[in-house]
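Listed in order, the protein sequences are those of chains G and Z. The working numbering applies: residue 1 is where the first sequence begins, and numbers increase by one. The working numbering applies: residue 1001 is where the second sequence begins, and numbers increase by one. Virtual Cβ for every residue (Gly too), placed ideally from N, Cα, C. Beneath this line is the structure, given in structure tokens, with notes to follow.
Protein chains: 2
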Amino acid sequence: MNHSAPTKVTIIDVAREAGVSYATVSRVLNDEPYVKPETRERVTAALHDLGYVANRQARSLRTGRSQMIGLLVRDLGTGYIGQIISGVDAEIAETDFEMLLFTTHHQAREPEYVANFVGGMADGLLLILPHNIDPYTGLLNQRRYPHVFVDYKGSDKGPAVGADNYGGAILAIDYLVSLGHRRIGFITGALDLTSGVDRLNGYRQAVACHGLDDDPALVAEGDYHQPTGHAAAQALLALPNRPTAIFAANDAMAFGAMEAIREAGLRIPEDMSVVGFDDTPQAAGVSPALTTIRQPLEDMGRQAVQMLLTYIEDPERPFEYRELATDLVVRDSCAPLRNAPRQATANS
Amino acid sequence: MNHSAPTKVTIIDVAREAGVSYATVSRVLNDEPYVKPETRERVTAALHDLGYVANRQARSLRTGRSQMIGLLVRDLGTGYIGQIISGVDAEIAETDFEMLLFTTHHQAREPEYVANFVGGMADGLLLILPHNIDPYTGLLNQRRYPHVFVDYKGSDKGPAVGADNYGGAILAIDYLVSLGHRRIGFITGALDLTSGVDRLNGYRQAVACHGLDDDPALVAEGDYHQPTGHAAAQALLALPNRPTAIFAANDAMAFGAMEAIREAGLRIPEDMSVVGFDDTPQAAGVSPALTTIRQPLEDMGRQAVQMLLTYIEDPERPFEYRELATDLVVRDSCAPLRNAPRQATANS
DNA sequence: ATCCTTTCTGTGAACGTTTTCAGAAAACGT
DNA sequence: ACGTTTTCTGAAAACGTTCACAGAAAGGAT
């Protein structure tokens, strides 16, 4: 490091400095046997002396491997994605891969990114794009490019890891029923996402099983964002025979709903119980703390990485789908129905 | 796309398919003039037909540019970093660069990452590492590698963009003084960070200017994490002559403090006013909503990118430091001091 | 001495691009 | 018909590595 500062130092500079051929330097770099200890030492010294750092592009051009795992996400705004990334990141840290994060704000550009990855930037790709995956599956499968869809329901289109959204919705309704609620409003998520559809189906299934009111007016459409939660809750509260509890398909909308409920002059949970979905960090922070369905997001990230590694090892492995269990986190936003005997849960 | 699926398709395959030399294919790829329209069309067809996608490693090996901007962060856990990244990301999206995110959990590995970047993976590097930057400056400056430290106070060590932490702390105290408070507790941030030191200095300066109590017991040490906020607040509340307001060096610690205050049976803001710093998303969500000092985190990310681009263009440009203004966001966690006439602010 | 291993080292090709250079083909003015 | 410019195209080198190969040096056995 004590020499003057060349902008770039290659294996050849090091070789010259150490008085050996560049192949020998490469050998030292890669810890190959059959290098005379004395030579190795001289090379190591030169390496350190010149402050050599390998050019990864050249290396991976030659070897065909980049030791990178790509991660394609829509955006980073939501804490939800952050949690998945934390898991991915933690798992990757235990391997000798690096993480390459790409965000795509415009849906239109996504396939282009995918193309880049397939083009050798990364050895495998994790896609956290809850929307329609069809535009990607073509190139990905055609090239046998290792990839895993995260937070996506499995199908024959590609390997995936997801959460049990259907079961989670049932858990939520079961819980509300156990508190005596019989008229439960539901605020849907975005219905172009599998998670949105699954949570709705879970709600419907549970409502049917318990023989609850299945008034279609009890289902208000949202899109997973807080404002629609607010609006949907307003609609539910305006109903002539309004529900006694509201189940929102995610926490953000539950927060919006809580706001609307308070604006209507009602108390939570005394006058209206609320359940969310996701267990975002804020859920524990709001007041009253939100009862919600936890998705094991971090674990989802970890599992996705593990799965991807198996595909990198063997790209021909058949598609696998892992579904992670969801569970109920009871906090303070629900109360037993007043004037109604607490009743046991009918099983669903 | 309708052919069978070769694992890899190069410029040469395309050339063969189109019946031209691979140099011509390259020309078409790069939109160079002097390609006969008819040839261009044939090549384009072949390109599309085979589903060609460029190998970026090869390209950047040849050109010496990667069109990537590296982003080095400690971890993604905190929403704070997420906001900066959003800004970075948004700004990069407007250029023809891509973002390459690296996280480093172990401080020890950071210089190694830096080496990778310098090694050609990216054309420039953004470092969001609030700790001591000395281990990085050496290699970075020696190689004239374009880089910017984000959320760091400028120095002669390298270019940086940061926020006015000192001024922000003064704003907070000014506000509390305007509400009549004269005995104000302070919970410090991590004092090995410049932001921690600057906020403390701002507090001290404001206390001196207003001639407030400067009892050393009013300063309790924290480390920016919620638990220390809780502990520090307990210490402040246990004081024989306890403060009437608490200013925490970040929101997370303010949340911890709020918890401690409530546990002590006091009401916020009636019995104790609280001010935070950062304006994290949760600040508006907690109850009562937290009055805090806003840092323009997203803007910080954007500015950092803009600065970095100038260094990529001209690596010799002298170090620049941009400081962004902070401002006060008044919510519901502060109240005028009871039994004290509301008094006008002395200027600081 | 001679021959075989074993250990060590250098030469040169290859990875997939871009880019320089030179030359062919077309277009144009005379 | 002929130069001259302009448009087009291909051959070959280069970027910084890894790796197969061949050959040199050293060490043992005969």
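Could you spell out where the beta strand (DSSP E) holding residue i opens and where it closes?
i: residue 9(G); result: That residue, residue 9(G), is in no beta strand (DSSP E); it is neither H nor E in DSSP.
i: residue 252(G); result: Run containing residue 252(G): none in the beta strand (DSSP E); it sits in the alpha helix (DSSP H), 251-263.
i: residue 103(G); result: 98-103
i: residue 1274(Z); result: 1273-1278
i: residue 212(G); result: Per DSSP, residue 212(G) belongs to no beta strand (DSSP E) and is neither H nor E.
i: residue 1117(Z); result: Segment: none, residue 1117(Z) is in no beta strand (DSSP E) and carries neither H nor E.
Using only CA atoms, which one of the options lies nearest to residue i?
i: residue 133(G); options: 159(G), 36(G), 222(G); result: 159(G)
i: residue 1202(Z); options: 1311(Z), 1223(Z), 1163(Z); result: 1163(Z)
i: residue 223(G); options: 212(G), 239(G), 200(G); result: 200(G)
i: residue 1165(Z); options: 1138(Z), 1204(Z), 1137(Z), 1143(Z); result: 1204(Z)
i: residue 69(G); options: 169(G), 148(G), 52(G), 275(G); result: 148(G)
i: residue 1216(Z); options: 1194(Z), 1253(Z), 1243(Z), 1054(Z); result: 1243(Z)
i: residue 1112(Z); options: 1334(Z), 1139(Z), 1091(Z); result: 1139(Z)
i: residue 1039(Z); options: 1018(Z), 1100(Z), 1022(Z), 1057(Z); result: 1018(Z)
i: residue 229(G); options: 319(G), 239(G), 251(G), 212(G); result: 251(G)
i: residue 276(G); options: 255(G), 285(G), 288(G); result: 255(G)
i: residue 323(G); options: 122(G), 152(G), 49(G), 28(G); result: 152(G)
i: residue 1335(Z); options: 1283(Z), 1272(Z), 1060(Z), 1261(Z); result: 1272(Z)
i: residue 274(G); options: 290(G), 280(G), 100(G); result: 290(G)
i: residue 1058(Z); options: 1146(Z), 1011(Z), 1195(Z), 1137(Z); result: 1011(Z)
i: residue 1297(Z); options: 1049(Z), 1062(Z), 1091(Z); result: 1091(Z)
i: residue 1013(Z); options: 1030(Z), 1037(Z), 1050(Z), 1045(Z); result: 1050(Z)
Return the CA-CA distance between residue i and residue j, expressed in angstroms with no decimal places.
i: residue 221(G); j: residue 119(G); result: 40 angstroms
i: residue 1047(Z); j: residue 225(G); result: 41 angstroms
i: residue 1246(Z); j: residue 1329(Z); result: 16 angstroms
i: residue 1024(Z); j: residue 1087(Z); result: 40 angstroms
i: residue 1084(Z); j: residue 248(G); result: 30 angstroms
i: residue 66(G); j: residue 1054(Z); result: 15 angstroms
i: residue 1126(Z); j: residue 1304(Z); result: 7 angstroms
i: residue 161(G); j: residue 197(G); result: 17 angstroms
i: residue 1214(Z); j: residue 1174(Z); result: 15 angstroms
i: residue 1064(Z); j: residue 41(G); result: 31 angstroms
i: residue 1128(Z); j: residue 1071(Z); result: 8 angstroms
i: residue 98(G); j: residue 185(G); result: 45 angstroms
i: residue 1313(Z); j: residue 1189(Z); result: 37 angstroms
i: residue 144(G); j: residue 114(G); result: 13 angstroms
i: residue 1354(Z); j: residue 1325(Z); result: Residue 1354(Z) falls outside the range modelled here, since chain Z spans only 1001 to 1348, and no answer is possible.
i: residue 315(G); j: residue 1285(Z); result: 46 angstroms
i: residue 1337(Z); j: residue 1180(Z); result: 5 angstroms
i: residue 1259(Z); j: residue 265(G); result: 26 angstroms
i: residue 1257(Z); j: residue 1238(Z); result: 13 angstroms
i: residue 1043(Z); j: residue 1015(Z); result: 7 angstroms
i: residue 293(G); j: residue 171(G); result: 8 angstroms
Would residue i pass as an interface residue toward chain G - the criterion being a Cβ-Cβ separation below 8 angstroms?
i: residue 1126(Z); result: no
i: residue 1030(Z); result: no
i: residue 1119(Z); result: yes
i: residue 1302(Z); result: no
i: residue 1361(Z); result: Lying outside 1001 to 1348, the shown extent of chain Z, residue 1361(Z) is not represented and no answer is given.
i: residue 1095(Z); result: no
i: residue 1362(Z); result: Since the first and last residues shown for chain Z are 1001 and 1348, residue 1362(Z) lies out of range.
Any C-beta of chain Z sitting closer than 8 angstroms to the C-beta of residue i?
i: residue 86(G); result: yes
i: residue 295(G); result: no
i: residue 89(G); result: yes
i: residue 273(G); result: no
i: residue 122(G); result: no
i: residue 46(G); result: no
i: residue 2(G); result: Confidence at residue 2(G) is low in this model, with a pLDDT of 43, below 50, so its placement is unreliable and no value can be given for it.
i: residue 82(G); result: yes
i: residue 58(G); result: yes
i: residue 308(G); result: no
i: residue 99(G); result: yes
i: residue 158(G); result: no
What are the boundary residues of the alpha helix (DSSP H) that includes residue i?
i: residue 1308(Z); result: 1297-1313
i: residue 1222(Z); result: First-last for residue 1222(Z): undefined, no H or E at that position.
i: residue 1284(Z); result: 1281-1285
Would you say the beta carbon of residue i is closer than 7 angstroms to some non-hydrogen atom of the ligand GDP?
i: residue 222(G); result: Here there are no bound small molecules, and the ligand GDP is not part of this structure.
If we require 3 or more residues per run, which beta strand (DSSP E) segments fall completely within the stretch 1001-1076 of chain Z? 1068-1073
Length-filtered (4 minimum) alpha helix (DSSP H) runs lying within the stretch 1135-1182 of chain Z: DSSP runs (the alpha helix (DSSP H)) wholly in the stretch 1135-1182 of chain Z: 1165-1178.
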